[in-house]
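Engineer: Numbering (my numbering), first residue to last: 1 to 208.
Provided herewith is a single structure, encoded as structure tokens, for subsequent inquiry.
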Ligand SMILES: C[S@@+](CC[C@H](N)C(=O)[O-])C[C@H]1O[C@@H](n2cnc3c(N)ncnc32)[C@H](O)[C@@H]1O
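What follows is the structure in structure tokens.
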């Protein structure tokens, strides 16, 4: 297998991998916490989470079987972490059905997932991920932010990524995300800038 699995999740492997663990550690993630990585891909963030968390505390779901396999079979062994993650902690699914693990999560995480999801799919994601996250738990999700009008294209700097409201990669206003969480047991708040090299912003959802 080549390194295509790194490019397929957007490249900047080391930088965006490290950024994820740095952010969550600063937000209070503990080694004893149980973490769900929604849209975990080939474990760009996952290798760092697996190294930091107690063995077996990291879980991931992704719709792409090849990416998940590359994470398990290439990235984890390369990082010397193969024995810290049971295979069953990763699942291939596009239905956000993480209840399948039978675990209550302290933290859920979605780095560059909402950027590829339509509004109905974000709603479905928020609805489903609320089920296995424990009350008091948190869900952090990155997104591309647009101005007051969602119409037209926006080019984000740094990174030069162009987004639209009706085409992948998508942009949203924070209040769109807030509206998508309405009626669900989440309290949404804006984190914003978190030093992402492609100018993605952060939203936080606290489980009521
Ligand atoms: C840009 S990649 C980011 C991967 C990973 N979070 C990272 O930072 O390396 C987006 C990921 O979302 C996954 N994805 C897109 N739609 C999904 C869905 N409905 N359910 C699960 N994963 C999804 C893709 O397969 C891809 O791995």
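The beta-carbon is built from N, C-alpha and C at its ideal position, and this holds for glycine as well.
1. Can you tell which of 169, 24, 63 has its C-alpha closest to the C-alpha of residue 39?
2. Helix, strand or coil: how does DSSP classify residue 83 here?
3. Do you know how far the Cα of residue 6 is from the Cα of residue 51?
4. Which residues does DSSP list as the beta-bridge partners of residue 141?
5. Evaluate the contact criterion for the region 27-34 versus the region 104-113: three or more CB pairs, one atom per stretch, below 8 Å.
6. Quick one: give me the first and last residue of the alpha helix (DSSP H) that residue 37 is part of.
7. Within the same chain, show all residues whose beta-carbon is closer than 7 Å to that of residue 203, passing over the 5 residues directly before and after it, in chain order.
8. Regarding residue 74 and ligand 1, is the C-beta to nearest heavy atom distance less than 7 Å?
9. Pairs of beta-carbons, one from the region 68-84 and one from the region 147-155, closer than 8 Å: are there three or more?
10. From residue 166 to residue 28, what distance separates their C-alpha atoms?
11. Ignore the nearest five residues each way along the sequence and tell me which others in residue 154's own chain have a CB closer than 6 Å to its CB.
12. If you draw a straight line from the C-alpha of residue 200 to the C-alpha of residue 112, how long is it?
13. Could you give the C-beta distance for residue 268 and residue 44, rounded to a whole number, given that I count them as a contact under 8 Å?
Structural biologist: Straight from the coordinates:
1. For the options 169, 24, 63, the alpha carbon positioned closest to that of residue 39 is the one of 63.
2. In the structure shown, residue 83 sits in a helix (DSSP, three-state: H, G or I).
3. Taking the straight line joining both Cα atoms gives about 19 Å.
4. 110, 203.
5. Contact holds between the region 27-34 and the region 104-113, because three or more Cβ pairs, one in each stretch, are under 8 Å apart.
6. Run containing residue 37: none in the alpha helix (DSSP H); it sits in the beta strand (DSSP E), 35-38.
7. Closer than 7 Å at the Cβ level, and outside the excluded window around residue 203, lie 141, 143, 174, 177, 188, 190, 191.
8. At a threshold of 7 Å, residue 74 does not count as near ligand 1, since its beta carbon sits no closer than that to any of the ligand's heavy atoms.
9. The region 68-84 vs the region 147-155: no contact.
10. When the Cα atoms are used, residue 166 and residue 28 turn out to be separated by approximately 35 Å.
11. Taking C-beta separations shorter than 6 Å and ignoring five residues to either side along the sequence, the partners of residue 154 in its chain run 146, 163, 171, following chain order.
12. So the alpha carbons of these two residues sit roughly 8 Å apart.
13. The requested residue 268 does not occur in the structure, where the chain is confined to residues 1 to 208.
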